[in-house]
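**Q** Heads up: the protein sequence lines correspond to chains A and B, in order. This note's numbering numbers the first residue of the first sequence as 259 and each following residue consecutively. This note's numbering numbers the first residue of the second sequence as 471 and each following residue consecutively.
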Amino acid sequence: MTRELYKWIATFGVLVAIAILMPTQLSFVITATLFGVFAMSWSFFTSFSGYLNLGHVIFIGLAGYTSAALNYHLGWPMWLCMICGVIVGTGGGWLYLNPIHKRISGLSFEMVSFLSIIALSNLIVSSYARPLTGGDIGLSPIDGLFSELWLAVVLALFLCACGFAFAWYLRSDSGKVIDFAREDQSIVRQAGADPHKYTGRLLLLSGLVGAIGGVVYVHYSGAAVVSNTFALAFMIRIIVMAIIGGRFSLRGAILGAYLVVFLSMQLMQYVDAYVQFLVIYGIGFVIYFFAPKGLVGIIDALWVLVQRLARPGRKPQDDSAGA
Amino acid sequence: MHDVMYVAVYGVIFASLYGIMTVGFSLICGLGGFYDITLPAYMMVGAFAIVKLSPYVDHWALLVVAIGMGILCLAHYYVFIRPQRDNPYRVFFATILLALGVESIMAMIFSGGYSFKISPLVPGTLELLTVSVRRELILGGVIGWAALFALQYFTSHTNMGRAIIAIPQSVRGSQVIGLDVVRIQMLVYFVGGVLLGIGAYFYGGYIGVSVHMWAYPLVIMFTITTLGGLGSIKGVIYATLLIGILEVGVVTFIDPRIRAFVLLGVAVGILIYRPKGLAGIRIG
């Protein structure tokens with residue numbers, strides 16, 4: 259674990275260096291870090307539990323809208339709204355998704371979580387919810403966070419701390435049970451344990467981190483609308499980031515998030531939003547089918563090649579497993 | 471009382487439109503063991519094709535687009551589905567990306583925020599049980615129910631039809647007795663595409679054609695497929711009637727924007743308490 263800790267410290271150093279070296283692009287750095295939080299938390303549950311959760315934005319959206327609603331309607335201080343948002347987002351999302359993942363398996367779980375986003379988006383803008391959620395227009399103005407270096411550093415610290423905590427959890431005894439459960443749940447049951455108890459914990463941790471990211475993102479955006487919370491395109495963007503970076507890799511998800519955000523930043527100057535989406539979906543599609551381990555997998559393969567070339571005849575060191 | 475008649479009449483009509491859009495989806499899911507999310511997105515493409523072709527070929531656009539949709543779905547199967555049909559998760563995720571890609575392309579071409587109209591095949595309205603209904607919708611309802619019952623007859627009285635129903639029960643068993651699963655999947659994709667084209671005409675004609683019109687029909691298709699049971703036309707017929715009436719009831723008496731939530735609740739309930747649905751097999 260010491261080695262893992264050094265890797266995450268190095269990752270933190272790289273993220274802070276990027277923030278310091280790009281003072282005029284801090285908004286993109288902060289956005290990339292936030293998407294890194296979303297992608298990493300999604301990847302933590304989906305890659306390691308074996309359940310493809312397409313409803314991760316439920317945590318993000320519930321947390322964000324709760325925080326925004328308390329701030330907008332009641333005028334509570336931002337920090338208090340964020341805490342309440344995290345509690346509601348994590349609890350509400352887990353209470354919805356956990357029983358579903360226990361009772362519905364396989365593709366049906368994926369479909370239900372996927373369609374839940376569509377249903378929730380419609381509910382948010384319905385006439386019933388409009389007084390609370392602002393409907394199509396959303397909730398704005400709300401207390402905001404600004405593009406400042408301290409925010410970029412704190413977010414990077416949070417991201418890397420969560421990454422290390424996830425990596426530590428995956429290497430614990432619970433993580434070993436989850437590995438077995440992902441391969442075959444009956445093995446875990448035969449040992450007398452309930453596999454859903456462990457995957458439920460994974461879902462809770464993933465949701466907690468996602469919810470924290472959600473409240474920060476909403477206040478950083480300055481508004482809570484469907485497009486930055488429950489939208490289908492928002493969810494798929496997060497997944498594509500994790501895929502591009504590399505599934506089964508927490509640092510890969512962060513890499514994917516930074517790449518996609520900075521690619522979007524470059525494309526934005528030349529083409530409209532729909533072309534940006536097409537390019538990003540296209541890259542995600544190609545990587546998913548032709549390089550399933552993502553960029554981290556490609557980097558690992560290159561590293562093994564370099565080691566072979568540098569020391570022919572000696573077995574290359576492979577430390578690519580896990581996070 | 472008028473509202474109740476409204477729900478009954480429109481519920482039955484919409485049930486048939488949802489049924490013909492869903493039957494291909496259900497058969498494809500049953501045959502392949504996967505959900506193809508691109509199908510409702512192609513329905514949206516079909517609706518736009520009708521809008522653009524109608525000025526040139528008048529009402530023949532319906533036939534042209536229906537056949538075109540069949541060919542499009544066949545090509546989609548051959549290019550994207552067939553190479554990975556043994557991995558349902560890859561198919562599922564690939565089709566999500568494809569559907570969003572199709573939406574983005576259509577948004578670039580047709581300006582994402584606008585809604586277009588399809589000129590009706592049969593203009594005017596008719597009084598049906600004291601409810602005023604567009605003749606177009608009644609025609610769509612008649613065609614829809616005729617297609618569903620024709621399919622039900624086909625699958626229960628012909629060898630090819632029985633094969634389509636048998637394969638979801640046991641793919642290996644079907645292959646052992648010599649059924650060509652790939653060929654039958656291709657046929658189902660073609661027929662499903664044709665029916666989607668017909669559904670696109672009437673459904674798009676009623677709600678208006680826009681690039682985002684495919685998301686809600688996906689909820690409908692999933693709910694009907696889950697409730698009816700995969701790979702079962704009879705199940706689709708029962709389920710589409712129930713869902714059609716339920717949906718119109720929610721829209722009439724509660725709020726249109728809440729209908730997706732209600733339908734999803736029905737689907738989740740069925741998956742938990744009766745995963746096979748009314749008449750089909752379980753997936754996943």
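Positions of the beta carbon are idealized from the N, C-alpha and C atoms, including for glycine.
Taking the continuous alpha helix (DSSP H) assigned at T595 of chain B, which residues delimit it?
**A** Note, T595 of chain B: premise wrong, no alpha helix (DSSP H); beta strand (DSSP E) at T595 to L598.
**Q** Flag this pair as yes or no: are the beta carbons of L521 of chain A and S405 of chain A separated by less than 8 Å?
**A** no
**Q** With distances taken Cα to Cα, identify the nearest neighbour of P510 of chain B among B:V718, B:Y673 and B:S581.
**A** B:Y673
**Q** Along the chain, where does the beta strand (DSSP E) containing S602 of chain B start, and where does it finish?
**A** V601 to R604
**Q** Report the three-state DSSP secondary structure of V448 of chain B (helix, strand or coil).
**A** With chain B covering only 471 through 754, there is no way to say anything about residue 448 of chain B.
**Q** Quick one: what does DSSP say L409 of chain A is sitting in, helix, strand or coil?
**A** Looking at L409 of chain A - three-state DSSP - the assignment turns out to be helix.
**Q** Shortest alpha-carbon distance to K715 of chain B belongs to which of B:L607, B:K704 and B:V477?
**A** Reading off the sequence, residue 715 of chain B comes out as Ile, not Lys. The shortest C-alpha separation from I715 of chain B is found at B:V477.
**Q** Does G347 of chain A pass the burial test, meaning 16 or more other C-beta atoms within 10 Å, or should it be called exposed?
**A** The residue is buried, with at least 16 neighbouring Cβ atoms inside 10 Å.
**Q** Can you give the Cα-Cα distance for I498 of chain B and A633 of chain B, rounded to whole angstroms?
**A** Approximately 13 Å between the Cα atoms of the pair.
**Q** Beta-carbon within less than 7 Å of V521 of chain B's beta-carbon, same chain only, minus the 5 sequence neighbours each way: which residues are those?
**A** F586, I588 and V679
**Q** Please say whether F543 of chain A and A564 of chain B have beta carbons closer to each other than 8 Å?
**A** yes
**Q** Thinking just about the alpha-carbon of each residue, which of A:R569, A:L461 and A:Q524 is nearest to the one in N311 of chain A?
**A** A:L461
**Q** Tell me the rounded alpha-carbon separation between A568 of chain A and I512 of chain A.
**A** 29 Å
**Q** Check whether chain B comes within 8 Å of F535 of chain A, counting only Cβ atoms and requiring the distance to be less than that.
**A** yes
**Q** Does any CB atom of chain B fall closer than 8 Å to the CB of I445 of chain A?
**A** no
**Q** Among B:Y512, B:I575, B:V652 and B:Y671, which residue has its Cα nearest to the Cα of L199 of chain A?
**A** Examination of residue 199 of chain A is not possible in this model, given that chain A is present from 259 through 581 alone.
**Q** What residue does the alpha helix (DSSP H) around H314 of chain A start on, and which one ends it?
**A** It is not in any alpha helix (DSSP H) - H314 of chain A carries neither H nor E in the DSSP assignment.
**Q** Along the chain, where does the alpha helix (DSSP H) that runs through M513 of chain B open and close?
**A** Under the DSSP assignment, M513 of chain B falls in the alpha helix (DSSP H) whose first and last residues are T508 to V527.
**Q** Does DSSP classify L591 of chain B as helix, strand or coil?
**A** When secondary structure is reduced to three states using DSSP, L591 of chain B falls in the coil class, being assigned neither helix nor strand.
**Q** Taking CB distances under 8 Å as the criterion, tell me whether S574 of chain B reaches chain A.
**A** yes
**Q** Pick helix, strand or coil for V738 of chain B, following the three-state DSSP scheme.
**A** Of the three classes helix, strand and coil, the one that applies to V738 of chain B here is helix, per DSSP.
**Q** Pairs of beta-carbons, one from the stretch 544-560 of chain B and one from the stretch 472-488 of chain B, closer than 8 Å: are there three or more?
**A** no
**Q** Report buried or exposed for V564 of chain A, applying the criterion of at least 16 other Cβ atoms within 10 angstroms of its Cβ.
**A** Flag for V564 of chain A reads exposed.
**Q** From the beta carbon of F723 of chain B, is the nearest beta carbon of chain A less than 8 Å away?
**A** F723 of chain B does not count as touching chain A.
**Q** Could you name the residues that DSSP lists as bridge partners for V679 of chain B?
**A** Beta-bridge partners assigned by DSSP to V679 of chain B: B:F586.
**Q** Between B:L712, B:R552 and B:V474, which has its C-alpha nearest R653 of chain B's C-alpha?
**A** B:R552
**Q** What whole-angstrom Cβ distance do G719 of chain B and V706 of chain B have, given they're in contact under 8 Å?
**A** No, G719 of chain B and V706 of chain B are not in contact; Cβ-Cβ is about 20 Å, not under 8 Å.
**Q** Please classify A559 of chain A as buried or exposed, where buried requires at least 16 neighbouring CB atoms within 10 angstroms.
**A** exposed
**Q** Determine the contact status of I496 of chain A and F293 of chain A, defining contact as a CB-CB distance below 8 Å.
**A** Yes. Within cutoff.
**Q** Under 7 Å Cβ to Cβ from G594 of chain B, same chain only, skipping five residues before and after it: list those, please.
**A** Same-chain partners within the cutoff: R605.
**Q** Beta-carbon of N205 of chain A versus every beta-carbon of chain B: anything under 8 Å?
**A** Nothing about residue 205 of chain A can be reported from this structure: the residues present for chain A run from 259 to 581 only.
**Q** Using a Cβ-Cβ cut-off of less than 9 Å, list which residues of the stretch 505-516 of chain B approach chain A; keep chain order.
**A** Only those residues of the stretch 505-516 of chain B whose C-beta falls short of 9 Å from the nearest C-beta of chain A are listed: Y505 and I507.
**Q** Please name the residue in B:V689, B:L700 and B:A517 whose C-alpha comes closest to that of R729 of chain B.
**A** B:V689
**Q** Give the single residue among B:K704, B:H472 and B:Y671 whose Cα lies nearest to the Cα of S465 of chain B.
**A** The structure shown does not extend to residue 465 of chain B, since chain B is modelled only from 471 to 754, so the question has no answer here.
**Q** CB-CB under 6 Å to A515 of chain A, same chain, minus the five flanking residues each way: which ones, in chain order?
**A** A290, F293, G294, A297 and M499
**Q** Closer than 8 Å, Cβ to any Cβ of chain A: which residues of the stretch 631-644 of chain B, in chain order?
**A** none
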